[in-house]
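Inspection log for the structure reproduced underneath, given as structure tokens.
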């Protein structure tokens, strides 16, 4: 059963951005790792907005005050990012496992993942790259990701999304076998 609108974040969608005026409820979600404060507004990434709408925590309206439902937002965001559905599946899975997930540093290192209970106290522990079943992931690319993670003092996690949209996670580490 959906929560009443009074307990939902009320956001507006304008110029490709989902944002809300900062208030007690949106600040509560900010502390849980949703959104970024920009002046008097809290701005949500497309993935965060999709998740909050699907979980019935946010209602998004357009400039005509029309409610944009999950599928409406997904259609809009898919025109900007063809991979948003698979990225969303990974994001939703990690959130359901009680991780705080924020955008990463590139389209390849897609998410930063914080250890449980460490958001806002420590930097993200992991960088996550998404690999799709049936697509090649060259070893040199994985080595490049490992170098970036090493330089940033983070661990690399590969999320493999299969054809049934199920996700399996692998921690990747460089091993030096020299004597």
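Residue numbers (this note's numbering): 690 to 868. Quick reminder that beta carbons are idealized off the backbone N, C-alpha and C, glycines included.
Using the C-alpha atoms, what's the distance from residue j back to residue i?
{"i": "residue 707", "j": "residue 866", "result": "49 Å"}
{"i": "residue 748", "j": "residue 736", "result": "14 Å"}
{"i": "residue 842", "j": "residue 814", "result": "8 Å"}
{"i": "residue 803", "j": "residue 790", "result": "7 Å"}
{"i": "residue 784", "j": "residue 800", "result": "12 Å"}
{"i": "residue 769", "j": "residue 863", "result": "34 Å"}
{"i": "residue 717", "j": "residue 782", "result": "21 Å"}
{"i": "residue 720", "j": "residue 806", "result": "11 Å"}
{"i": "residue 868", "j": "residue 839", "result": "22 Å"}
{"i": "residue 697", "j": "residue 746", "result": "5 Å"}
{"i": "residue 756", "j": "residue 725", "result": "22 Å"}
{"i": "residue 829", "j": "residue 836", "result": "10 Å"}
{"i": "residue 766", "j": "residue 834", "result": "26 Å"}
{"i": "residue 771", "j": "residue 712", "result": "33 Å"}
{"i": "residue 740", "j": "residue 777", "result": "8 Å"}
{"i": "residue 727", "j": "residue 810", "result": "20 Å"}
{"i": "residue 793", "j": "residue 754", "result": "32 Å"}
{"i": "residue 859", "j": "residue 786", "result": "15 Å"}
Just to confirm, are residue i and residue j a CB contact at a threshold of 8 Å?
{"i": "residue 742", "j": "residue 759", "result": "yes"}
{"i": "residue 821", "j": "residue 857", "result": "no"}
{"i": "residue 764", "j": "residue 730", "result": "no"}
{"i": "residue 816", "j": "residue 848", "result": "no"}
Going by alpha carbons, who is nearest to residue i out of the options?
{"i": "residue 846", "options": "852, 823, 779", "result": "779"}
{"i": "residue 824", "options": "852, 832, 816", "result": "852"}
{"i": "residue 700", "options": "752, 794, 796, 792", "result": "752"}
{"i": "residue 827", "options": "797, 811, 740", "result": "797"}
{"i": "residue 715", "options": "703, 705, 738", "result": "738"}
{"i": "residue 808", "options": "711, 702, 722", "result": "722"}
{"i": "residue 705", "options": "794, 786, 750", "result": "750"}
{"i": "residue 795", "options": "727, 832, 819, 810", "result": "819"}
{"i": "residue 734", "options": "761, 834, 702, 728", "result": "702"}
{"i": "residue 855", "options": "767, 712, 774", "result": "774"}
{"i": "residue 831", "options": "792, 861, 811", "result": "861"}
Identify every residue that forms a DSSP beta bridge with residue i.
{"i": "residue 732", "result": "708, 725"}
{"i": "residue 832", "result": "Answer by DSSP bridge pairing: none, since residue 832 is not bridged."}
{"i": "residue 908", "result": "The first residue shown for the chain is 690 and the last is 868, placing residue 908 beyond what the model contains."}
{"i": "residue 859", "result": "847"}
{"i": "residue 700", "result": "749"}
{"i": "residue 803", "result": "789"}
Looking at the C-beta of residue i, does it have a partner C-beta in chain C at a distance below 8 Å?
{"i": "residue 786", "result": "No chain C appears in this structure, which consists of one protein chain only."}
Is it the case that the CB of residue i approaches a heavy atom of the ligand ZN more closely than 7 Å?
{"i": "residue 728", "result": "Ligands in the displayed structure: none, and consequently the ligand ZN is not present."}
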